[in-house]
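First up is the structure itself, then whatever we jot down about it.
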Amino acid sequence: MSAPTLTNDRVVVTDDGARLAVTVHGSGGTTVVLSHGWAAGRDVWSSVVPLLVAQGNTVVTYDQRGHAGSTLGSTPIGIARLAADLDAVLSSVDATDAVVVGHSGGGFAALQLVVKGTSRVRGLVLLSTAANDQDTPESEVKLMGNPVFAWAFRRGPLGRKMLGSTVGPTISKQNLEAHRVLFAGTARQVRAACFKSSQGMDLRADLANVTLPAVVLHGDVDKVIDSSLGKVLAGTLPNARFDRLTGIGHMLPLEAPERVADAVAELA
């Protein structure tokens with residue numbers, strides 16, 4: 001029987017007063033920080049963390065502000081704000097040579113951080129994310145904040161059906177339900193603010209100067225962020241590799257945890 005993973009829970013207080021719930025798993029090796037997407041939480045990495053710890057890494061998970069165990073601060077949600085939160089998490093564990101894994105909106109935060117400049121990151125694993133063309137229509141932003149829409153996601157079968165288009169056909173019912181629970185558990189106002197925050201985002205010009213090694217993974221049936229945008233991202237970063245995963249949708253942490261762990265091993 002394998003030894004249990006050592007975990008340490010802590011709270012990181014940001015410069016605008018948000019309280020970020022953070023868990024550190026394992027010890028030693030490379031520090032790997034996992035930045036989840038919108039309407040999710042650190043639990044989305046539950047299948048990825050044991051694989052990374054088994055590789056000998058120290059793994060850091062956290063809830064984005066307003067998600068799960070983290071509170072909102074005084075600054076409105078925005079890509080730059082979420083990047084600053086990620087930087088605060090890296091600082092809290094004294095990371096100097098970390099691999100950052102960013103999924104979807106968590107990838108936006110990671111990209112914004114390296115554009116700003118940081119000495120704490122040695123490489124990026126970017127999952128189902130993009131550097132541009134994330135202009136969520138106002139109608140969809142309003143839908144994310146709609147109380148009836150939020151009610152529907154709290155109904156198990158209905159919520160799973162509504163989220164079915166965001167994942168690939170092979171996802172287990174258990175993992176689809178985990179996805180639904182995280183989505184439904186995010187306050188509708190936070191969902192709306194997150195989806196609005198990427199309007200007008202285009203990081204390509206600045207990313208062309210970011211020479212960190214990167215692995216970009218994207219599912220070929222992702223209907224949330226098209227895989228063509230992942231390929232554009234990989235083509236923009238000077239030292240990136242792109243891999244399109246067959247039959248995988250948007251939720252790579254739940255659908256393809258082994259591929260995520262392999263990408264981290266490549267950089268760590």
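All residue numbers for the sequence shown refer to UniProt numbering, where the first residue is 1 and numbers rise by one.
We put the beta carbon where it would ideally sit given N, CA and C, even for glycine.
Range covered by the alpha helix (DSSP H) that runs through residue i
i, result
"T236", "227 to 236"
"G219", "No alpha helix (DSSP H) contains G219, which is instead part of the beta strand (DSSP E) from 214 to 219."
"G106", "105 to 116"
"L127", "Run containing L127: none in the alpha helix (DSSP H); it sits in the beta strand (DSSP E), 121 to 127."
"L51", "49 to 54"
Alpha-carbon spacing of residue i relative to residue j, whole angstroms
i, j, result
"V24", "V49", "10 Å"
"K161", "Q174", "13 Å"
"A40", "G106", "10 Å"
"N132", "G219", "17 Å"
"R154", "R180", "8 Å"
"H250", "R241", "19 Å"
"P238", "V101", "18 Å"
"Q199", "G17", "25 Å"
Residue i, DSSP secondary structure in three states
i, result
"N175", "helix"
"L72", "coil"
"A80", "helix"
"T170", "coil"
Whole-number beta carbon distance between residue j and residue i, since they are thought to touch under 8 Å
i, j, result
"L127", "A83", "About 17 Å separates the two Cβ atoms, so there is no contact after all."
"L217", "L245", "6 Å"
"V141", "K196", "5 Å"
Min CB distance residue i to chain E below 8 Å
i, result
"A184", "Of the chains in the structure shown, none is chain E; there is only one protein chain."
Segment limits, beta strand (DSSP E) that includes residue i
i, result
"L34", "31 to 35"
"D9", "7 to 13"
"L245", "240 to 245"
Short Cβ contact (8 Å threshold) for residue i with residue j
i, j, result
"T61", "W38", "no"
"V167", "V89", "no"
"S104", "T129", "yes"
Residue i beta carbon near the ligand HEM (any heavy atom closer than 7 Å)
i, result
"K223", "The ligand HEM is absent from the structure shown, which contains no ligand whatsoever."
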